[in-house]
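**Student:** Take the sequence shown: its letters are residues 198 to 466, numbered as in the numbering used here.
No residue lacks a Cβ here, since even glycine has one placed at the ideal position from N, Cα and C.
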Amino acid sequence: MKYIVLNYSKYLFVILVAMILFQGCDKEYDGVIQPQTTGYTITDLTGTSTFTRTETDSVLTLFIKVSNPAVINGISVDMRDPDDKRVTGFPVPLLDNGKSDNGDLTAGDGVYSNNIIMSRNYLNGTYYLEYSIAVRGAGSKPAASQTIIFNNGQNNIAPVLSNLTAPDTLTVSDTTLIFMTIEASDSNGLNDIERVYFKSFRPDGTTSGATFSLVDNGRDGDATANDGIYSVIISVNPSNQKGTYTFEFEAIDRGKKKSNIVTHRITLL
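1. Just to confirm my understanding: we take E445, look at its own chain, exclude 5 residues before and 5 after, and list those with CB closer than 7 Å. What are they?
2. Looking only at its chain, what residues have a beta carbon closer than 8 Å to the beta carbon of Y324, apart from the 5 residues adjacent to it on each side?
3. Look at the alpha carbon of K453 and the alpha carbon of R462, and state the distance between them as a whole number of angstroms.
4. Given this structure, state the Cα-to-Cα distance separating Q220 from T240, to the nearest angstrom.
5. Sort out for me which residues DSSP pairs I354 with in a bridge.
6. Run through DSSP, which three-state label would P138 get?
7. Please tell me whether S264 and L291 are closer than 8 Å, where the distance is taken between their beta carbons.
8. In terms of alpha-carbon separation, which member of S329, Y442, D254 lies closest to M315?
9. Buried or exposed: which applies to S310, given that a residue is buried once 16 or more other Cβ atoms fall within 10 Å of its Cβ?
10. Jot down the residue ranges of each uninterrupted beta strand (DSSP E) in the segment 334-420, minimum 3 residues, whole runs only, in chain order.
11. So the candidates are G286, G307, P288, N312; which of them puts its Cα closest to the Cα of D298?
12. Taking the beta strand (DSSP E) that V189 belongs to, which residues open and close that run?
13. DSSP three-state call for V274: helix, strand or coil?
14. Exposed or buried, which one is D281 when buried takes at least 16 other CB atoms within 10 Å?
15. On the DSSP letters alone, give me the boundaries of the beta strand (DSSP E) that T441 sits inside.
16. Hey, N349 and N321 are a contact pair by Cβ (cut 8 Å); roughly how many whole angstroms apart?
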């Protein structure tokens, strides 16, 4: 079980190494063209770093331009959303066939293109593109990468926190686990919630200023994944300072709008 240990003798909280693990790792993309030694050169990539969807413009055209297309056997792009999930379910082939259906203007000019319909239900945030090129007789390998910041065009509404469950008073004679949950909702969908977190204040009103995440992953004390109920487990022991601790819960969405603050006090006896 993963939980936060309350230790106010030095800092407000000490997080176990196990707690760090469930924060996840962000996939990194360098946004550059990889060195090529297989008979071609990449001279251009999709010419935008941002894309805002509208009702009249939902098509994002991705392309890559290479010299010496005669050696190219195929090009694809893997597009992933801010949660590192594939947008289309599979890598998208880029074509140099001169067909407007896939966004290509001229056949055989070394510009490989395709269109992706960006739904209003797609997450706002940074999308990661990794291009792979297959060369005749040499196989396929990653060739370039970049990021595009997507705005789905919907009015961004701040998340709302409610229905906190937590104890009010605890008699601490041994190590004790405190289980707390809070419900988060968002008119733009639960996927628009980027993070639910809290910070805490000692009985004397001081705080480290650090924030700590709650989870909605069906693990680490959370009952059901992706149901909008976020959970956290805190460990306290007799060495913790006695008195009333104040917890402030808040959420932030992918458009960086913050929720209402829910305040709760727990008295340790």
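**Tutor:** On the basis of the supplied data:
1. F395, K396, I458, T460
2. M276, R277, D278, P279, V284, T344, I345, I346, F347
3. 27 Å
4. Caution applies to Q220, whose pLDDT of 34 falls short of 50 and renders its modelled position unreliable; the value that the coordinates give is listed next. Approximately 38 Å, taken between the alpha carbons.
5. I354 pairs with nothing; no bridge assigned.
6. The requested residue 138 is not part of the displayed model; the chain covers only 198 to 466.
7. no
8. Per the C-alpha coordinates, the member of S329, Y442, D254 positioned closest to M315 is D254.
9. Flag for S310 reads buried.
10. 336-348, 357-362, 373-382, 390-398
11. N312
12. Any property of residue 189 remains undetermined from this structure, which presents the chain solely from 198 to 466.
13. strand
14. exposed
15. Per DSSP, T441 belongs to the beta strand (DSSP E) from 440-450.
16. 6 Å
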